[in-house]
Amino acid sequence: MTHNRKLIFPLSILFAIVGLTAIVFLVRANPDQLLHQSARLMYEATDGHAIVSIEIDMEDNSNSGTIEAWGQRNVGPEGEPAFRVEVLETSKPEAAGVIAVSDGSQFWLWNPQKNTVYVGTAAEMEAAMQAHHADYVDGSPHPMDEFGDYAPAEDFEMPETPEEAVDKLLEYFTAELVGTEDVENTPAQKIRLIPIPEQMPDEVRANGGFVNVWLRSSDTAPLAVEYAEGAIGYAKMTVSQLELNQGIDTALFTFEIPAGAEVVNIADLEPPSPMSAEEAAAAVDFEMLTPDSLAISARLVDIVEMRGALVQQYRLPNDGRFTIAQGPENAAPMSIEESEAVTVRGTTGNLMTDEGGQRTLLSWSENGQTFWIGGDLSAKQALEIAESLQ
């Protein structure tokens with residue numbers, strides 16, 4: 004009996020250890036907690052170095068390449084971050100070898116294909132990027148906003164911590180732990196983010212698909228992210244090398260202008276301006292169609308050439324807006340899933356309207372051209388505009 008008691012005691016300890024181990028594993032394997040840990044890890048990182056491969060296969064953008072990047076916090080005179088990004092490989096010849104560097108206050112962008120260096124302060128670069136998407140006329144948003152109008156609602160509260168950012172993400176996605184997989188020979192936890200349909204804007208829900216995320220098993224650092232099985236295509240970013248908080252030589256955050264390079268000051272660059280109808284016609288090799296008449300009170304604000312398509316932007320009296328895009332087939336996105344097939348201009352088009360019936364996306368192909376009408380319109384108004392094009 005004494006012998007059995009001696010045996011039972013270590014067995015009970017063994018079972019307790021196994022039970023505690025299982026509990027710890029279950030807690031760590033919770034996908035929400037893994038995402039929280041990963042966000043906190045990256046938020047608290049003081050510096051990092053990574054080699055990242057990118058693969059994109061979308062309707063209007065197919066690209067692949069590899070970049071190497073370095074980043075460090077609190078380098079600039081007022082604590083600004085510094086970074087260096089080099090394009091190692093790319094399927095886009097015009098981007099081969101491009102280098103972007105900032106020491107927190109100064110910025111350099113070198114295009115070796117043209118041997119041109121764009122220089123300026125980090126603030127000037129930020130202003131230039133904002134100007135690219137700024138108002139064109141009378142406060143009108145950038146035309147590309149109509150292709151994906153996902154601006155946060157007015158009552159949207161920006162997260163203040165990495166955990167709050169993850170919680171906000173999980174309001175729109177359900178996180179599921181798929182299992183453990185190797186990413187570039189490194190063990191990683193694979194988490195699938197599945198969109199919650201009722202939380203998604205109509206345009207996003209129609210695209211479908213899901214997001215996979217791989218977090219390094221040793222510390223939850225992100226190693227890969229993938230968008231898959233969606234109507235708009237496929238995209239994946241994979242980290243083959245990731246180092247955090249290892250220290251970086253600050254000499255990497257300076258750039259010596261190559262001999263003979265053309266130097267362009269960012270402050271001297273002018274943002275793109277709207278085109279006249281004549282300029283628009285000269286910019287493309289097809290005839291631009293415009294509405295013969297509009298039953299609604301709308302005015303043309305501007306015409307911009309984007310990705311080979313001409314985009315006409317209109318404003319409505321109630322501060323609403325809509326655009327008419329025309330270009331080569333697939334120049335403008337065409338939502339397929341959860342859309343309604345309609346007859347437009349003698350062919351079949353795709354129509355999608357929000358629950359309130361006040362925002363509509365209409366797309367169709369005609370004579371080798373893609374047409375897209377979207378914005379603050381009812382389905383009836385969008386179809387009437389389409390039929391009036393000439």
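Heads up, the sequence shown is in our numbering, so the first residue is 4 and it goes up one at a time. Glycine residues also receive a C-beta, built at the ideal position from the N, C-alpha and C atoms. These figures come from a predicted structure and were not determined experimentally.
Close-in-space but distant-in-sequence residues of the same chain around residue i (CB under 7 Å, 5 per side omitted)
{"i": "Gly123", "result": "Phe110, Asn268, Ile269, Ala270"}
{"i": "Gly100", "result": "Val90, Pro115"}
{"i": "Pro34", "result": "Ala178, Glu179, Leu180, Ile194"}
{"i": "Gly412", "result": "Nothing about residue 412 can be reported from this structure: the residues present for the chain run from 4 to 393 only."}
Under the three-state DSSP convention, the category residue i falls into
{"i": "Ile251", "result": "coil"}
{"i": "Asn463", "result": "In the structure displayed, the chain extends from 4 to 393; residue 463 sits before or after that span and is not available."}
{"i": "Asp205", "result": "helix"}
{"i": "Arg2", "result": "In this structure the chain extends from 4 to 393, so residue 2 is not present and cannot be described."}
{"i": "Tyr237", "result": "strand"}
{"i": "Asn353", "result": "strand"}
{"i": "Val347", "result": "strand"}
{"i": "Leu38", "result": "helix"}
{"i": "Ala389", "result": "helix"}
{"i": "Met128", "result": "helix"}
{"i": "Asp288", "result": "coil"}
{"i": "Asp379", "result": "coil"}
{"i": "Arg324", "result": "strand"}
{"i": "Pro165", "result": "helix"}
{"i": "Ile269", "result": "helix"}
{"i": "Leu173", "result": "coil"}
{"i": "Leu256", "result": "A small correction: the amino acid at residue 256 is Phe; Leu does not occupy that position in the sequence shown. Three-state result, Phe256: helix."}
{"i": "Glu58", "result": "strand"}
{"i": "Glu83", "result": "coil"}
{"i": "Glu160", "result": "coil"}
Chain-order list of residues whose beta-carbon lies under 8 Å from that of residue i (same chain, five-residue window excluded)
{"i": "Leu172", "result": "Leu38, Leu196"}
{"i": "Gly263", "result": "Asn118"}
{"i": "Asp185", "result": "Ala191"}
Residues near residue i by beta carbon distance below 6 Å, same chain, minus five either side
{"i": "Ser243", "result": "Ile54, Glu187"}
{"i": "Phe374", "result": "Gln329, Trp367"}
{"i": "Val214", "result": "Leu196, Tyr230"}
{"i": "Arg76", "result": "Thr49, Pro84"}
{"i": "Phe86", "result": "Gly74, Ser105"}
{"i": "Leu112", "result": "Ala103, Tyr121"}
{"i": "Pro162", "result": "Ala168, Lys171"}
{"i": "Val207", "result": "none"}
Residue i to residue j span [Cα, whole Å]
{"i": "Thr164", "j": "Trp217", "result": "21 Å"}
{"i": "Leu303", "j": "Ala382", "result": "20 Å"}
{"i": "Glu387", "j": "Gln316", "result": "17 Å"}
{"i": "Asn370", "j": "Glu290", "result": "11 Å"}
{"i": "Thr223", "j": "Ala130", "result": "34 Å"}
{"i": "Leu284", "j": "Ile376", "result": "Reading off the sequence shown, one finds Ala at residue 284, where the question assumed Leu. Answer to the nearest angstrom: the Cα atoms are 19 Å apart."}
{"i": "Glu246", "j": "Leu392", "result": "56 Å"}
{"i": "Glu390", "j": "Ala234", "result": "27 Å"}
{"i": "Thr257", "j": "Glu71", "result": "16 Å"}
{"i": "Pro96", "j": "Ile102", "result": "14 Å"}
{"i": "Gln1", "j": "Gly323", "result": "Nothing can be reported for residue 1, as the shown portion of the chain is limited to 4 through 393."}
{"i": "Met240", "j": "Ser65", "result": "14 Å"}
{"i": "Pro402", "j": "Val307", "result": "This structure leaves residue 402 out entirely; the chain is present only between 4 and 393."}
{"i": "Gly211", "j": "Glu81", "result": "43 Å"}
{"i": "Ile199", "j": "Leu272", "result": "43 Å"}
{"i": "Pro294", "j": "Ser94", "result": "39 Å"}
{"i": "Thr69", "j": "Gly349", "result": "45 Å"}
{"i": "Glu201", "j": "Glu232", "result": "19 Å"}
{"i": "Ala238", "j": "Ser67", "result": "9 Å"}
{"i": "Gly51", "j": "Val78", "result": "13 Å"}
{"i": "Ala394", "j": "Leu255", "result": "Because the chain spans 4 through 393 in this model, residue 394 falls outside it and cannot be assessed."}
{"i": "Ala168", "j": "Glu281", "result": "47 Å"}
{"i": "Thr119", "j": "Ser108", "result": "20 Å"}
{"i": "Asp170", "j": "Thr326", "result": "34 Å"}
{"i": "Phe176", "j": "Met45", "result": "21 Å"}
{"i": "Gly378", "j": "Lys117", "result": "39 Å"}
{"i": "Ser296", "j": "Met278", "result": "21 Å"}
{"i": "Arg43", "j": "Thr189", "result": "21 Å"}
{"i": "Ala98", "j": "Ile299", "result": "44 Å"}
{"i": "Val88", "j": "Glu127", "result": "18 Å"}
{"i": "Glu343", "j": "Ala301", "result": "26 Å"}
{"i": "Val347", "j": "Gln36", "result": "49 Å"}
{"i": "Pro261", "j": "Glu160", "result": "45 Å"}
{"i": "Glu166", "j": "Met203", "result": "21 Å"}
Strand pairing of residue i, partner residues [DSSP]
{"i": "Asp295", "result": "Per DSSP, none; premise fails for Asp295."}
{"i": "Asp106", "result": "Asp106 pairs with nothing; no bridge assigned."}
{"i": "Gln192", "result": "Thr183, Leu218"}
{"i": "Leu313", "result": "Glu308, Gln329"}
{"i": "Val101", "result": "For Val101, which the question treats as bridged, DSSP gives no partner whatsoever."}
{"i": "Arg362", "result": "Note: Arg362 sits in no beta bridge, so no partner."}
{"i": "Gly211", "result": "Gly233"}
{"i": "Val90", "result": "Ile70"}
{"i": "Met45", "result": "Bridge partners of Met45: none, in fact."}
{"i": "Arg302", "result": "Arg318"}
{"i": "Gly123", "result": "Phe110"}
Cβ pair count under 8 Å reaching 3, the stretch 302-315 against the stretch 347-354: Three or more beta-carbon pairs separated by less than 8 Å are not found between the stretch 302-315 and the stretch 347-354, which leaves the two stretches without contact.
Counting Cβ pairs closer than 8 Å, one from the stretch 249-262 and one from the stretch 220-239, do we hit at least three? By the Cβ rule, the stretch 249-262 does not count as touching the stretch 220-239, because fewer than three pairs are nearer than 8 Å.
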